[in-house]
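Novice: Residue numbers (my numbering), protein chains in the order written: chain A, 1 to 492; chain B, 493 to 965.
Glycine included, C-beta positions come from ideal geometry on N, C-alpha and C.
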Amino acid sequence: MDMQYANFPYLSTLLIVCIAGLFTILFLPGREQNKIKWVGVVFSGITMVISIFLFIAYDKNIGGLQFVERVLWVPSLGIYYFNGADGFNLPMLLLTGIVFFTGVLSMWELDTRVKEFFALYFLMVTGVFGLFMSLDLFFIFVWYDVSLFPMYLLIAVWGSTRKEYGAMKLTLYLLAGSALILPAILYIVNVSGLKTFDLLALMAPGTLTPLQQKFAFIFIYIGFGILAGVWPFHTWSPVGHVAAPTSVSMVHAGVLMKIGAFGVLRVGIFLCPEGWRYFAPLMAVLATVGIVYGAFVGLTQKDLKYVIGYSSVSHMGIVGLGLSTLTVEGLNGAVYQMFAHGIMTALFFSSVGYIYDKTHTKMIPELGGLSRIIPVAAFYFILAALTSIGVPGLASFWGELVVFIACFKVYPVLGVLSICGLVVTALFMLRVVQKTCYGPPKEHHTHIRDISFAIGVPRMILSVVIIFFGLFPSFMFDMIETASSSFFKGLP
Amino acid sequence: MINWALFNTEIYFLITAAGFLVLSLLPKADAHRDYQTALALSAIGVGVALAGITQQGDIFAQAYRIDMFSQVFKVLLSMGLFLIICICSELKSIPERLHPEFYFLLVIATLAMMILVSSVHLLTIYISLELSSYCLYILVYLRTEHKRSLSATIRYFIIGATASAVMLFGLAILYSFVGSAYLIDIVNTLPAIIDRPIVIIGIFFTLAGFFFKLAVFPFHFWVPEAYHGASNQVAAYIATASKVAAIAILIRVIALSGGHSEYLAKVLICLSIISMTVGNLSAIVQKDLKKLLAYSSIAHAGYALIGILSMNHAGYSGAVFYALALLILKFTCFFVVIKAATEGQNPTMAHLAGLHQRSPILALALLVALFGLAGIPPTVGFTGKLLVFSAAIQQGYFFLVLIAMINVVISLYYYILVLKAAYLTEPDRPLSELPTPMSVKILAAAMITAIVAAGFFPVYLIRIAEAATAVFI
Numbered sequence: 001m002d003m004q005y006a007n008f009p010y011l012s013t014l015l016i017v018c019i020a021g022l023f024t025i026l027f028l029p030g031r032e033q034n035k036i037k038w039v040g041v042v043f044s045g046i047t048m049v050i051s052i053f054l055f056i057a058y059d060k061n062i063g064g065l066q067f068v069e070r071v072l073w074v075p076s077l078g079i080y081y082f083n084g085a086d087g088f089n090l091p092m093l094l095l096t097g098i099v100f101f102t103g104v105l106s107m108w109e110l111d112t113r114v115k116e117f118f119a120l121y122f123l124m125v126t127g128v129f130g131l132f133m134s135l136d137l138f139f140i141f142v143w144y145d146v147s148l149f150p151m152y153l154l155i156a157v158w159g160s161t162r163k164e165y166g167a168m169k170l171t172l173y174l175l176a177g178s179a180l181i182l183p184a185i186l187y188i189v190n191v192s193g194l195k196t197f198d199l200l201a202l203m204a205p206g207t208l209t210p211l212q213q214k215f216a217f218i219f220i221y222i223g224f225g226i227l228a229g230v231w232p233f234h235t236w237s238p239v240g241h242v243a244a245p246t247s248v249s250m251v252h253a254g255v256l257m258k259i260g261a262f263g264v265l266r267v268g269i270f271l272c273p274e275g276w277r278y279f280a281p282l283m284a285v286l287a288t289v290g291i292v293y294g295a296f297v298g299l300t301q302k303d304l305k306y307v308i309g310y311s312s313v314s315h316m317g318i319v320g321l322g323l324s325t326l327t328v329e330g331l332n333g334a335v336y337q338m339f340a341h342g343i344m345t346a347l348f349f350s351s352v353g354y355i356y357d358k359t360h361t362k363m364i365p366e367l368g369g370l371s372r373i374i375p376v377a378a379f380y381f382i383l384a385a386l387t388s389i390g391v392p393g394l395a396s397f398w399g400e401l402v403v404f405i406a407c408f409k410v411y412p413v414l415g416v417l418s419i420c421g422l423v424v425t426a427l428f429m430l431r432v433v434q435k436t437c438y439g440p441p442k443e444h445h446t447h448i449r450d451i452s453f454a455i456g457v458p459r460m461i462l463s464v465v466i467i468f469f470g471l472f473p474s475f476m477f478d479m480i481e482t483a484s485s486s487f488f489k490g491l492p
Numbered sequence: 493m494i495n496w497a498l499f500n501t502e503i504y505f506l507i508t509a510a511g512f513l514v515l516s517l518l519p520k521a522d523a524h525r526d527y528q529t530a531l532a533l534s535a536i537g538v539g540v541a542l543a544g545i546t547q548q549g550d551i552f553a554q555a556y557r558i559d560m561f562s563q564v565f566k567v568l569l570s571m572g573l574f575l576i577i578c579i580c581s582e583l584k585s586i587p588e589r590l591h592p593e594f595y596f597l598l599v600i601a602t603l604a605m606m607i608l609v610s611s612v613h614l615l616t617i618y619i620s621l622e623l624s625s626y627c628l629y630i631l632v633y634l635r636t637e638h639k640r641s642l643s644a645t646i647r648y649f650i651i652g653a654t655a656s657a658v659m660l661f662g663l664a665i666l667y668s669f670v671g672s673a674y675l676i677d678i679v680n681t682l683p684a685i686i687d688r689p690i691v692i693i694g695i696f697f698t699l700a701g702f703f704f705k706l707a708v709f710p711f712h713f714w715v716p717e718a719y720h721g722a723s724n725q726v727a728a729y730i731a732t733a734s735k736v737a738a739i740a741i742l743i744r745v746i747a748l749s750g751g752h753s754e755y756l757a758k759v760l761i762c763l764s765i766i767s768m769t770v771g772n773l774s775a776i777v778q779k780d781l782k783k784l785l786a787y788s789s790i791a792h793a794g795y796a797l798i799g800i801l802s803m804n805h806a807g808y809s810g811a812v813f814y815a816l817a818l819l820i821l822k823f824t825c826f827f828v829v830i831k832a833a834t835e836g837q838n839p840t841m842a843h844l845a846g847l848h849q850r851s852p853i854l855a856l857a858l859l860v861a862l863f864g865l866a867g868i869p870p871t872v873g874f875t876g877k878l879l880v881f882s883a884a885i886q887q888g889y890f891f892l893v894l895i896a897m898i899n900v901v902i903s904l905y906y907y908i909l910v911l912k913a914a915y916l917t918e919p920d921r922p923l924s925e926l927p928t929p930m931s932v933k934i935l936a937a938a939m940i941t942a943i944v945a946a947g948f949f950p951v952y953l954i955r956i957a958e959a960a961t962a963v964f965i
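1) What residue does the alpha helix (DSSP H) around B/A945 start on, and which one ends it?
2) Between A/L485 and A/Y5, what straight-line distance do the alpha-carbon atoms span, to the nearest angstrom?
3) Within the continuous alpha helix (DSSP H) that includes B/A684, where are the two ends?
4) Provide the residue(s) that pair with B/V670 in DSSP beta bridges, ordered along the chain.
5) Among the residues of its own chain, which have a CB less than 6 Å from the CB of A/A493, if the five just before and after it don't count?
6) 9 Å is my cut-off, CB to CB: does A/L186 come that close to chain B?
7) Measure the alpha-carbon distance for A/L77 versus A/F197 and round it to whole angstroms.
8) Tell me the rounded alpha-carbon separation between A/V251 and A/G439.
9) Is it true that the CB of A/L271 sits closer than 9 Å to the CB of A/L326?
10) Given A/V376, which residues of its chain have a CB within under 6 Å of its CB, disregarding the five upstream and five downstream residues?
11) Between A/V17 and B/Q849, what straight-line distance do the alpha-carbon atoms span, to the nearest angstrom?
12) Can you tell me whether A/H447 is buried or exposed, with buried defined as 16 or more other CB within 10 angstroms of its CB?
13) Between A/V49 and A/G21, is the Cβ-Cβ spacing less than 9 Å?
14) Does DSSP put B/M803 in a helix, a strand or coil?
15) Identify which residue in A/L90, A/Y81, A/K35 and A/S44 has its Cα closest to the Cα of A/Y58.
16) What's the call for A/R31, buried or exposed, on a 16-neighbour Cβ count within 10 Å?
17) Within its chain, find whatever has a CB closer than 6 Å to the CB of A/Y150; leave out the 5 residues flanking it on each side and keep chain order.
18) How about A/G229 and A/G268: are their beta carbons less than 9 Å apart?
19) Per DSSP, which residues does A/M501 bridge with? Please list them.
20) Taking only beta-carbon positions, decide if B/F881 is within less than 9 Å of chain A.
21) What is the DSSP secondary structure of B/D526, reduced to helix, strand or coil?
22) Nearest-angstrom Cα distance between B/V715 and B/A707?
23) For B/S764, I'd like the list of residues in its chain whose CB is within less than 6 Å of its CB, leaving aside the five on either flank, ordered along the chain.
24) Taking the alpha carbon of A/P238 as the point to measure from, which residue in A/L194, A/A384, A/Y310 and A/G225 has its own alpha carbon closest?
25) Grab me the residues of A/F428's own chain with a C-beta within less than 6 Å of its C-beta, minus the 5 sequence neighbours each way, in chain order.
26) According to DSSP, what are the bridge partners of A/N83?
27) Can you list, in chain order, the residues of the stretch 869-894 of chain B whose Cβ is nearer than 7 Å to any Cβ on chain A?
28) For chain A, check one thing: does any of its Cβ atoms lie closer than 9 Å to the Cβ of B/I908?
29) Taking 6 Å as the limit between beta carbons, can you name the residues of its chain near A/K358, skipping five residues before and five after?
30) Spell out whether any CB of chain A is found under 9 Å from the CB atom of B/L911.
31) Could you list which residues in chain A have their beta carbon closer than 7 Å to that of B/I898, in chain order?
32) Show which residues of chain B have a CB atom less than 9 Å away from the CB atom of A/S76.
33) Taking C-beta pairs closer than 9 Å, name the residues in chain A that B/Y814 reaches, listed in chain order.
34) Would you say A/F217 reaches chain B, if we count a Cβ-Cβ gap shorter than 9 Å as a contact?
35) Report yes if the C-beta distance between B/S570 and B/A541 is below 9 Å; otherwise report no.
36) Within the continuous alpha helix (DSSP H) that includes A/I448, where are the two ends?
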């Protein structure tokens, strides 16, 4: 793969901004809640601007890795501080920047332990950024854990609905994933005989025998797959999403689950293509089960956040299906779907967060007629629901479309089943919209004030992104294509 | 002609100990004076140990080796002593008139461990090991609540005495086959005869004494009881400095086999797995923090053993790094729980309630240390685990590492419970802020920085660890 070294370390700047924000928050006194929030807004805003800049500044004609930074970190082990941006991770960085910023804005009305919340939130996002940009197995693992361990406190302190149970379950599940990933990484590094954690060096064909690739792949697939919500390892996800506070749900469903899928792609598929080929049918079956299962379980839920949680399982199944097709289109669709689903879930949780803050309930039977009481907030909610269904003109549509086109060529039966699953998703999403936003309004909710312009800003940003990439999907597809087609060329 | 300059670190600590002996003879007890003296002398001790880090040579008829390995461990031990003395400012659980004796025994125990890491003769190993153990027996007993500490001491002593009797038997067997008590001769002879059952038995019996120190299964039964009965500072000392010395001597002895014995490796793998699992599973149900940390240190003995049983350079240097990590992390945990249990009583989960409000910096230190013990990056604990695990993978022990990682997940559960007590549980009645003088804040901040910095920039420490273990290849 070609590498374009950066003349300015933009990627590290992204991390440094996050860490600087973290320290600024730590050194502010806890009483100054407004200052802390403003610091959060400013620093997260800078990261969003940088991530947008990177997305635009990436030269699609040259392709390959750009903005590369590479420093030998631990010589005796062959660990490099190695960052680079390509068509796979730029969409993810953009997603993280947007969700991070809108997440901070969505927590504007937080008033308990503000300082600790934002400090942990920044720490978590630092890990997410680091993971997406890193090309060294050691750092990928480090960032993976950095992005996970603040989760426990974030959910257990500021969450709702069985928060301690949800937080513990989530933490143990996800770190069980890391228990599978670390041995696999060490195994790959060791059997390669290269004494390096450098992902690109390990990618060279012939580094690992097919048998070794199969062995390592299954550990990496399950390890990262737990985080991606692959059925049957998904059970932490709805529980965790429901328990988490709004912005944590946003980052969590919006970005963290993508880390899982991205890890499968970056570590599993990149390093063990033979293992990928071998296990692709298994991946496809699990993904299809996830799609159908998520849809049917979502159908029976009464809690709004559970509905979104199970729809996430279903939608992440589409990502898994795309990855399992072994085609360029499949990868394109999967990465696109990761981006679109991230933005969509962020909007979903953000608008549910508002509804919950105001009505103090997220049970569907207790809500009704919201579009009459709070039309603007209801609009965001309905938009998210429509995106989730995959209405053309909104971002998710393209991801799903491309994945299914790829899937029908390779696994026609599974494709049909998955489409059926999507129909069920559409059914329950529409049912939820109908029950909460239409019908007679509940009397004790009629006094609720609609979302103000300032509070609505994060939802606005997310809505604009959804519509923009729904109308101009080629911006994203061209970007992903630069990475996926060259990846397939590099395969033996 | 003996070159006494090589012996200066030990001489310094001997003089320090003598000083406390004199202090104990003074008629008037003065806790503050004793504390200040101990703090100053141990701080200088770290400097003395650091100054001697590059020394090399043999003294006492080649029975005593000064090399990078021993000197690095002497620095670690003197650091351990200094850190423990840092948290002795309020030594409420020990009668005031006994304070000079307490410091005396601490210093002597450290001195004995320093001699231990330099010993290359079976007799010096045995004598220094016994000396340190006896100091610890008395230290465990030194507590105002005699009833509890007495039963702990007796149990500790009986298991310790049994272990050292077994060890002496093992040493005798080794000696009878090799015909020399110098480790250098054993290294040369052992690989040729290591497949004989009696030699293997000799080695295992010898290892028993060290396993007792490190608290490896099946010699771990004393640990929870001793931690529980001893005063908090003594428990902290046993958990940190004593473990460091045990790791050092285990590396020296295991390295004797030259990695030629599959049988030895297999047994060590079993012991390591059982130690991890037993330690972690027992820790889950503990409410008493010292007992919890005791069981977790049994588990950590298992992890450290992974590095040692890999019997390659990466494994030995990984184990050295792990010893450092354990020292810092365990100390930080003890530091916080000792500060939380203000009256010198045994700290329980209840003492941590509301810690995040009573002292945010201590709560943060606890958080970082717990995640470090659990091996979550970016902490020194993770780097240590990475090093030992990658050494084990090099030897092809994939499933050992997998089991160890599963154990890490189990251990995370109880570390999170502790964290929950500090960050989520609100106290039954509102408690005042913990008195945190500047010194405590600085120490906490220093430990947090050390844990995270050594996790992110481990390269220099790894280099030192590799240089220290270069003598074994």
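Specialist: Concretely, from the data shown:
1) For the purposes of this step, residue 945 of chain B is taken as the residue at position 453 of the second sequence. M930 to F948 is the span of the alpha helix (DSSP H), which, as asked, contains B/A945.
2) The residue you call residue 485 of chain A lines up with position 485 of the first sequence. The residue you call residue 5 of chain A lines up with position 5 of the first sequence. Reading off the sequence shown, one finds Ser at residue 485 of chain A, where the question assumed Leu. Spanning the two alpha carbons is a distance of roughly 21 Å.
3) Working through the second sequence from its first residue, we reach residue 684 of chain B at position 192. L675 to I685 is the extent of the alpha helix (DSSP H) around B/A684.
4) Indexing the second sequence from 1 puts residue 670 of chain B at position 178. Beta-bridge pairing links B/V670 to no other residue.
5) Here chain A covers residues 1 to 492 and nothing more, so residue 493 of chain A does not appear.
6) Within the first sequence, numbered from 1, the residue matching residue 186 of chain A stands at position 186. Answer yes: the Cβ-Cβ gap between A/L186 and chain B drops below 9 Å somewhere.
7) The residue you call residue 77 of chain A lines up with position 77 of the first sequence. The residue you call residue 197 of chain A lines up with position 197 of the first sequence. Looking at the two C-alpha atoms, the distance is approximately 8 Å.
8) The sequence position of residue 251 of chain A within the first sequence is 251, counting from 1. The sequence position of residue 439 of chain A within the first sequence is 439, counting from 1. Distance between the alpha carbons of A/V251 and A/G439 is about 32 Å.
9) To locate residue 326 of chain A, count along the first sequence from 1; it is residue 326. To locate residue 271 of chain A, count along the first sequence from 1; it is residue 271. Not closer than 9 Å, so no.
10) On the first sequence, residue 376 of chain A is found 376 positions in, with the first residue counted as 1. Same-chain partners within the cutoff: D450 and I451.
11) By 1-based counting over the first sequence, the position of residue 17 of chain A is 17. By 1-based counting over the second sequence, the position of residue 849 of chain B is 357. Taking the straight line joining both Cα atoms gives about 28 Å.
12) Here residue 447 of chain A corresponds to residue number 447 of the first sequence, with the count starting at 1. Classification for A/H447: exposed.
13) As a first step, residue 49 of chain A is located in the first sequence; it is residue number 49 there, counting from the start. As a first step, residue 21 of chain A is located in the first sequence; it is residue number 21 there, counting from the start. No, Cβ-Cβ distance for A/V49 and A/G21 is not below 9 Å.
14) Working through the second sequence from its first residue, we reach residue 803 of chain B at position 311. B/M803: coil per DSSP, three-state reduction.
15) As a first step, residue 58 of chain A must be located in the first sequence, where it is residue number 58. For the residues A/L90, A/Y81, A/K35 and A/S44, the minimum Cα distance to A/Y58 belongs to A/L90.
16) In the first sequence, the residue the question calls residue 31 of chain A occupies position 31. With fewer than 16 Cβ atoms within 10 Å of its Cβ, A/R31 is classed as exposed.
17) Position 150 of the first sequence, counted from the first residue, corresponds to residue 150 of chain A. According to the sequence as given, residue 150 of chain A is Pro; it is not Tyr. If we look at A/P150 and ignore the five residues flanking it on each side, its Cβ neighbours are L120, L123 and M124.
18) Mapped onto the first sequence, residue 229 of chain A falls at position 229. Mapped onto the first sequence, residue 268 of chain A falls at position 268. No, the pair does not count as a contact, with Cβ atoms beyond the cut-off.
19) Because chain A here runs from 1 to 492, residue 501 of chain A falls outside it and cannot be looked at.
20) Residue 881 of chain B sits at position 389 when you count from the first residue of the second sequence. Output row for B/F881: interface = yes.
21) In the second sequence, the residue the question calls residue 526 of chain B occupies position 34. Reduced to three states, the DSSP call for B/D526 is helix.
22) The residue given as residue 715 of chain B occupies position 223 in the second sequence. The residue given as residue 707 of chain B occupies position 215 in the second sequence. Between B/V715 and B/A707, the C-alpha separation is close to 7 Å.
23) Within the second sequence, residue 764 of chain B is the residue found at index 272, counting from 1. Within the same chain, B/S764 has close Cβ partners G794, L797 and I798.
24) Mapped onto the first sequence, residue 238 of chain A falls at position 238. When only C-alpha atoms are compared, the closest one is A/Y310.
25) Stepping through the first sequence from its first residue, residue 428 of chain A is reached at position 428. Correct list, in chain order: G298 and L299.
26) Reading the first sequence from its first residue, position 83 is the one you call residue 83 of chain A. In the DSSP output, where bridge partners are listed per residue, A/N83 has A/E69 and A/S134.
27) P869, P870, F881, S882, I885, Q886, F890, V893 and L894
28) Taking the second sequence and counting its residues from 1, one reaches residue 908 of chain B at position 416. Cβ-Cβ to chain A under 9 Å: yes for B/I908.
29) Taking the first sequence and counting its residues from 1, the one referred to as residue 358 of chain A is at position 358. So the list reads I448, once near-sequence residues are dropped.
30) Along the second sequence, one-based indexing puts residue 911 of chain B at 419. By this cut-off, B/L911 is an interface position.
31) As a position in the second sequence, residue 898 of chain B is number 406, starting the count at 1. Those within 7 Å of B/I898 in chain A are A179.
32) For this step, residue 76 of chain A is matched to residue 76 along the first sequence. Within 9 Å Cβ-Cβ: A806, S809, V951, I954, R955 and E958.
33) Counted from its first residue, the second sequence places residue 814 of chain B at position 322. The contacting residues do not exist; B/Y814 stays about 15 Å from chain A at best.
34) Along the first sequence, read from residue 1 onward, the residue named residue 217 of chain A stands at position 217. Not closer than 9 Å to any Cβ of chain B, the Cβ of A/F217 fails to qualify, so no.
35) Within the second sequence, residue 570 of chain B is the residue found at index 78, counting from 1. Within the second sequence, residue 541 of chain B is the residue found at index 49, counting from 1. For B/S570 and B/A541, yes; Cβs fall inside 9 Å.
36) On the first sequence, residue 448 of chain A is found 448 positions in, with the first residue counted as 1. Where A/I448 is concerned, there is no enclosing alpha helix (DSSP H), given that its DSSP letter is neither H nor E.
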